[in-house]
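**Student:**
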Amino acid sequence: MATATRYMGRPLKRKEDPRLIQGLSHYVDDLRLPDMHYVVFVRSPHAHARIRSMDTSRAQTAPGVLAVLTGQDLGNAVGVIPCAAQLPEMKLALRPPLATERVLFVGEPVALVVAVDRYAARDAAELVEVEYEPLTPIVDPEKALARGAPVLHPQYSDNVAYRWELEGGDVGAAFQKADKVVRQKMVNQRLIPVALEPRAVVANYKPGENKLTVWSTTQIPHLLRTQIAAALGVPEYIVHVIAPEVGGGFGSKLNVYAEEVLVAHLAMRLGKPVKWTESRRENFQATIHGRDQIATMELAVKRDGTLLGLRCHILADLGAYYQLLTPLIPTLTGLMICGCYKIPAVRVEITGAFTNKMATDAYRGAGRPEATYFIERAIDMVAAELKKDPAEIRRKNFPKPKEFPYATPTGLIYDSANYPKSLDMALKKSGYRRLRAQQAKLRRQGRYLGIGLSTYVEICAMGPSSAMPAGGWESATVRIEPTGKVNILTGASPHGQGQETSFAQIAADLLGLEPDDIHVVHGDTAIVPYGIGTFGSRATAVGGTAVYTALVKIRDKLATIAGHILQEDPQRLVFRDKKIFLKSNPAKSVAFAEAVGAAYIAKALPAGMEPGLEATHFFEPSNFTFPFGAHVAVVEVDPETGEVHLQRYVAVDDCGNVINPLLVDGQVHGGIVQALGQAFLEEAVYDENGQLITGELTDYAIPRAWDVPRLETARTVTPSPVNPLGVKGVGEAGTIGATPALVNAVVDALAPFGVRHLDMPTKRERIWQLIRKFKPTGSRPATKRVGDGRGRRGRRKR
Amino acid sequence: MKLQGSYTLPAKREAVWQLLNDPQRLAECLPGCEQLEVVGVDHYRVRLKLGMAAISGNYTGSVKLTEKKPPAWCRMSVEGQGAAGFVQGEAKIELAGEGNQTVVRYAGEASVGGLIASVGNRMMELAARRILEQFFANLASQLRT
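Chains S and X, in that order, give the protein sequences.
For what it's worth, our numbering labels the leading residue of the first sequence as 1, then goes sequentially.
For what it's worth, our numbering labels the leading residue of the second sequence as 799, then goes sequentially.
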């Protein structure tokens, strides 16, 4: 039974898009239920304070108010915010859903108001009086660890959340043998995910049926359901979670938030449907942040550029409390710190620090963008130190294609790769040699072109359950209706990835149907069997493989039925053009719908066969997958203003087999743009008092269309042996691969000014200062204004 | 946030001092003041309603004179909070008589938190200046009547 790939691999337009671009899809906030009430949270304006008293009496009597609740009022009705991560000797930091005694970050909720509309709720929230006694805020993670620093969680003696170590190979010997050791401290700054749709929750409880329905904009409806049941102490079967259209997540909705559990509780407590929609300001303060690691990298190298050893210390600023995966994210950085290089000896030490900030957690890439940034910057420094081409240093240290599966000293098995091939393609596509010649020529004219490379590998398709905090498998059910139409129920609940299209492509090929015959259902725990969710670039490799395997089961059953009808060997049948026919004689066929009908009418089934047509598969992968690629960024830095102009961006990615190249390109584009945000623009800044002073989109610069040149994408295809589809995953590759390429390009452009490193975001004022500070040993490099000074970026005031 | 400046009022300094220590008249001069209540010696509770973009909303707070030398100078501590955050600060106010006029010099430092800090920080100083200008203008018109 060969599968014809008529749809897999084709750039089908997304089935989701017509409803999205016509405004016909429904997000949580679009939901309106009769007698719905609205929740507003009262949040701490202090980073660190003791709550002296709370007075809700005026708010209670405000017009339209149904309830005002503090943490005291809740008592034990709602459990603590869950954290799935467990590391050895990790300190617990249990967070009550509403703070009762102390507040530990700006934006931490202390009370809530429920009223007939959101305006009444908001007005009443202002009447809640909270008296705080400010305590010393702990903002800088390095100072948080200093001796004598004030302690966030008074039950502990310091602000160390955990220490984590990893060692492979003989690190001491590697550094002794080294001709050179390259050292650099680097900051991977705190970012704010800024999903287009902020968080929103609606809950409705029907006491007669004892049924609690929760609509939430989440990436993990089933896990949320389990956690709501646990937090409220109710049987899981009364809880029904629906994730309708979800407008982006990037990991920020891979979580269980206080607001989700509280809104669910309110619906039960008050007997009214309740809604909470996050404001953008709340989204900045109280939805998880990403990154925030300070690394000290040391690479031991031989004079010829061979890497001998790596030492890395990472200080991770975790914020005040853990969210779902907070402590785990930096360990992914540790595991991937070798990148795509053979480094025989590695030592990684991670210290997680508590500070008076919002928790960090998984944000697109989750630990791997940090690892890639640190190693790719360090490799460029090695090249500069040894005066070698950064492309050649990389190539020299790649494991060879025949060495795969390749075991790293950090204990991972990279599944499959051909690193030289993607590097060669990126160099060729960008015209690397010509670019270098052009760079030399322009420098003589006082213009500063920078060429940045990044060769990355990442870990995704999460993952085998043994390596995951709570299940690494994914579920799929294929249910064929009596009319021959196909439902695919997937636990990989999407938030913009396009599974409705890609899974339909897989099903169309396997069953010989058209994608329009297939309907992909997700995000509803009452319909879809238990699933894990969409994150860690797992939807296709794990969720898609579950779909594939369930399809194979159902196809085998259909082939048996068709074989019975045709009196032929099922093994010799082909599914195509809505027919099931004999491969050697296509005229001998049965219509797909007829075979399906036979399964339901059940009058002429093969002996012993169950009626009906439904198959479920829970797919457990044997390993992660390791996509890779090579990116080239070309920038020009204006030495007069410090502005960075991104001129070209070439991305060669390898995510294994491709189901839909349009979806892959979309993921790569989006990832690169988010990486550009981190490299050039974005930075979540808390001031010395722990106030988030980049608290809105006016002060937090995400990329705009004019920041992005036409992206030149290409692919190599190295199938993964981990799953039968041979797919790897591509959702995060852009943010993982692109950030170092962009910063390497900026540093390369500034090399004539003696710049060796520059932390992100590479802001123009910082570049301008570095150029001004430069004291040349010879003649000062010439400087010339880029263009005519009226560049398109000149209009921006940032 | 640091604030300092001066304003010339059209009265002798004793009159200015009196006005500044008269809760009812002071309340009329404070922009957005909805209530000013005396809670102790040189200690007031204030309710303000401000209407400026990110910092708009209702605020409650207290003003306390921590040190004074009538009619020459005083020091005060101020704290206030509302839905948009909090303000805490200290200031010194000096009155210098110049003929029939009085020059009021003020210098203070305040820290802000919450939304005021996160979304209003760039306009805070401007907003504070505008509120002070309005306050002094109100004082001046009180003194003229």
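Note that beta-carbon positions come from the ideal geometry of N, C-alpha and C, so glycine has one too.
Starting from the C-beta of serine 252 of chain S, find all residues in its chain whose C-beta is less than 7 Å away, skip the five residues before and the five after it, and write them out in chain order.
**Tutor:** For the purposes of this step, residue 252 of chain S is identified with residue 252 of the first sequence, where counting begins at 1. Excluding positions up to five away in sequence, the list reads Pro193, Ala195, Thr287, Ile288, Tyr363.
**Student:** Return helix, strand or coil for phenylalanine 619 of chain S, following the three-state DSSP convention.
**Tutor:** Locating residue 619 of chain S in the first sequence gives position 619, where the first residue counts as 1. Reduced to three states, the DSSP call for phenylalanine 619 of chain S is strand.
**Student:** Between the segment 810-834 of chain X and chain S, which residues of the former have CB atoms less than 9 Å from a CB of the latter, in chain order?
**Tutor:** Listed by position along the chain: nothing, the set is empty.
**Student:** Mapping the DSSP letters down to three states, classify lysine 797 of chain S as helix, strand or coil.
**Tutor:** Translated into the one-based positions of the first sequence, residue 797 of chain S becomes position 797. Note that lysine 797 of chain S scores a pLDDT of 42, beneath 50, so its modelled location is shaky and nothing firm can be said.
**Student:** Determine the DSSP secondary structure at leucine 308 of chain S, reduced to helix, strand or coil.
**Tutor:** Position 308 of the first sequence, counted from the first residue, corresponds to residue 308 of chain S. Reduced to three states, the DSSP call for leucine 308 of chain S is strand.
**Student:** Does DSSP put aspartate 17 of chain S in a helix, a strand or coil?
**Tutor:** One-based indexing of the first sequence puts residue 17 of chain S at position 17. Helix, per DSSP.
**Student:** Starting from the beta carbon of leucine 913 of chain X, find every residue of chain S whose beta carbon is closer than 8 Å, and list them in chain order.
**Tutor:** Taking the first residue of the second sequence as position 1, residue 913 of chain X is located at position 115. Neighbours of leucine 913 of chain X on chain S, chain order: Pro45, Arg281, Gly695.
**Student:** Quick one: Cα of serine 475 of chain S to Cα of glutamate 126 of chain S, how far?
**Tutor:** As a first step, residue 475 of chain S must be located in the first sequence, where it is residue number 475. As a first step, residue 126 of chain S must be located in the first sequence, where it is residue number 126. Roughly 46 Å separates the two Cα atoms.
**Student:** Output, in chain order, the set of chain S residues within a Cβ distance shorter than 7 Å of serine 909 of chain X.
**Tutor:** On the second sequence, residue 909 of chain X is found 111 positions in, with the first residue counted as 1. Neighbours of serine 909 of chain X on chain S, chain order: Asn689.
**Student:** Does isoleucine 13 of chain S pass the burial test, meaning 16 or more other C-beta atoms within 10 Å, or should it be called exposed?
**Tutor:** Within the first sequence, the letter at position 13 stands for residue 13 of chain S. The sequence given here has lysine at residue 13 of chain S, not isoleucine. Label assigned to lysine 13 of chain S: exposed.
**Student:** Is there a C-beta anywhere in chain S that falls below 8 Å from the one on alanine 881 of chain X?
**Tutor:** Along the second sequence, read from residue 1 onward, the residue named residue 881 of chain X stands at position 83. Yes, its Cβ sits closer than 8 Å to a Cβ of chain S.
**Student:** Closest Cβ-Cβ distance between lysine 797 of chain S and chain X: below 8 Å?
**Tutor:** Locating residue 797 of chain S in the first sequence gives position 797, where the first residue counts as 1. With a pLDDT of 42 at lysine 797 of chain S, under the threshold of 50, the modelled position of this residue cannot be trusted, and the question is left open.
**Student:** How should tyrosine 414 of chain S be labelled, buried or exposed, when 16 other C-beta atoms within 10 angstroms of its C-beta is the threshold for buried?
**Tutor:** For the purposes of this step, residue 414 of chain S is identified with residue 414 of the first sequence, where counting begins at 1. That one is buried.
**Student:** Which residues, in order along the segment 916-931 of chain X, keep a beta-carbon less than 8 Å from a beta-carbon of chain S?
**Tutor:** Cβ contacts with chain S come from Ser916, Val917, Asn919, Arg920.
**Student:** Taking only beta carbons into account, state which residues of the segment 284-299 of chain S come closer than 8 Å to chain X, listed in chain order.
**Tutor:** Going along the segment 284-299 of chain S in chain order, one finds Phe284, Gln285 with a Cβ nearer than 8 Å to chain X.
**Student:** Determine the contact status of tyrosine 373 of chain S and proline 740 of chain S, defining contact as a CB-CB distance below 8 Å.
**Tutor:** If you number the first sequence from 1, residue 373 of chain S lands on position 373. If you number the first sequence from 1, residue 740 of chain S lands on position 740. Yes.
**Student:** Since tryptophan 276 of chain S is in the beta strand (DSSP E), which residue starts that stretch and which ends it?
**Tutor:** Numbered from its first residue, the first sequence carries residue 276 of chain S at position 276. Unbroken beta strand (DSSP E) run through tryptophan 276 of chain S: 274-277.
**Student:** Beta strand (DSSP E) containing cysteine 831 of chain X: first to last residue?
**Tutor:** What you label residue 831 of chain X is simply residue 33 of the second sequence in a count that begins at 1. Per DSSP, cysteine 831 of chain X belongs to the beta strand (DSSP E) from 831-838.
**Student:** Buried or exposed: which applies to serine 502 of chain S, given that a residue is buried once 16 or more other Cβ atoms fall within 10 Å of its Cβ?
**Tutor:** As a first step, residue 502 of chain S must be located in the first sequence, where it is residue number 502. With 16 or more Cβ atoms within 10 Å of its Cβ, serine 502 of chain S is classed as buried.
**Student:** Grouping DSSP H, G and I as helix and E and B as strand, with all else coil, what is arginine 134 of chain S?
**Tutor:** As a working note, residue 134 of chain S is residue 134 in the first sequence. Here residue 134 of chain S is proline; the residue named in the question, arginine, does not match the sequence. Residue state, collapsed to three classes: strand.
**Student:** May I ask which residues mark the beginning and end of the alpha helix (DSSP H) holding proline 868 of chain X?
**Tutor:** Along the second sequence, read from residue 1 onward, the residue named residue 868 of chain X stands at position 70. No alpha helix (DSSP H) contains proline 868 of chain X, which DSSP labels as neither H nor E.
**Student:** Can you give me the start and stop residues for the beta strand (DSSP E) that methionine 8 of chain S sits inside?
**Tutor:** Looking up residue 8 of chain S in the first sequence gives position 8. Per DSSP, methionine 8 of chain S belongs to no beta strand (DSSP E) and is neither H nor E.
**Student:** Answer with yes or no whether the minimum CB distance from valine 106 of chain S to chain X is below 8 Å.
**Tutor:** Here residue 106 of chain S refers to the residue found at position 106 of the first sequence. Judged by the 8 Å Cβ criterion, valine 106 of chain S is in contact with chain X.
**Student:** Can you check whether the C-beta of glycine 838 of chain X is within less than 8 Å of a C-beta belonging to chain S?
**Tutor:** Taking the second sequence and counting its residues from 1, one reaches residue 838 of chain X at position 40. Output row for glycine 838 of chain X: interface = no.
**Student:** If you measure between the beta carbons of isoleucine 561 of chain S and alanine 599 of chain S, is that distance less than 8 Å?
**Tutor:** Along the first sequence, read from residue 1 onward, the residue named residue 561 of chain S stands at position 561. Along the first sequence, read from residue 1 onward, the residue named residue 599 of chain S stands at position 599. The answer is yes: Cβ separation under 8 Å.
**Student:** Run through the DSSP bridge pairs and tell me what tyrosine 448 of chain S is partnered with.
**Tutor:** On the first sequence, residue 448 of chain S is found 448 positions in, with the first residue counted as 1. Paired residues: S/Val637.
**Student:** Taking the Cβ atom as the reference point for each residue, do valine 652 of chain S and glycine 629 of chain S lie within a distance shorter than 8 Å?
**Tutor:** If you number the first sequence from 1, residue 652 of chain S lands on position 652. If you number the first sequence from 1, residue 629 of chain S lands on position 629. Against a cut-off of 8 Å, the Cβ pair of glycine 629 of chain S and valine 652 of chain S comes out as a contact.
**Student:** DSSP puts glutamine 802 of chain X in a beta bridge; with which residues?
**Tutor:** Walking along the second sequence from the start, residue 802 of chain X turns up at place 4. Per DSSP, X/Ala905.
**Student:** Within 8 Å (strictly less), CB to CB, does glutamate 474 of chain S reach chain X?
**Tutor:** Stepping through the first sequence from its first residue, residue 474 of chain S is reached at position 474. It does not: the Cβ of glutamate 474 of chain S has no partner Cβ on chain X nearer than 8 Å.
**Student:** For alanine 258 of chain S, collect the residues of the same chain with a Cβ closer than 7 Å to its Cβ; drop the 5 residues on either side in sequence, then sort them by chain order.
**Tutor:** Here residue 258 of chain S is taken as the residue at index 258 of the first sequence, counted from 1. Taken in chain order, the residues that qualify are Ile81, Pro97, Pro109.
**Student:** Helix, strand or coil for valine 885 of chain X, going by three-state DSSP, please let me know.
**Tutor:** Translated into positions along the second sequence, residue 885 of chain X becomes position 87. Here valine 885 of chain X sits in strand by DSSP.
**Student:** Using a Cβ cut-off of 7 Å, which residues of the segment 98-128 of chain S contact any Cβ in chain X, in chain order?
**Tutor:** Residues Val106, Ala125, Glu126.
**Student:** What does the Cβ neighbour count give for histidine 222 of chain S, buried or exposed, with the cut at 16 atoms within 10 Å?
**Tutor:** Position 222 of the first sequence, counted from the first residue, corresponds to residue 222 of chain S. Counting Cβ neighbours within 10 Å, histidine 222 of chain S comes out buried, since at least 16 surround it.
**Student:** By DSSP, does phenylalanine 105 of chain S sit in helix, in strand, or in coil?
**Tutor:** The residue labelled residue 105 of chain S in the question sits at position 105 within the first sequence. Coil.
**Student:** Among S/Tyr530, S/Val722, S/Thr408, S/Glu594, which one has its Cα closest to the Cα of threonine 616 of chain S?
**Tutor:** Counting from 1 along the first sequence, the entry for residue 616 of chain S is found at position 616. The shortest Cα separation from threonine 616 of chain S among S/Tyr530, S/Val722, S/Thr408, S/Glu594 belongs to S/Tyr530.
**Student:** In chain order, what residues of the same chain lie with their CB nearer than 8 Å to the CB of leucine 427 of chain S, ignoring the 5 residues before and after it?
**Tutor:** Position 427 of the first sequence, counted from the first residue, corresponds to residue 427 of chain S. Once the five neighbours on either side are set aside, the close Cβ partners of leucine 427 of chain S are Ala391, Arg433, Ala630, Val632.
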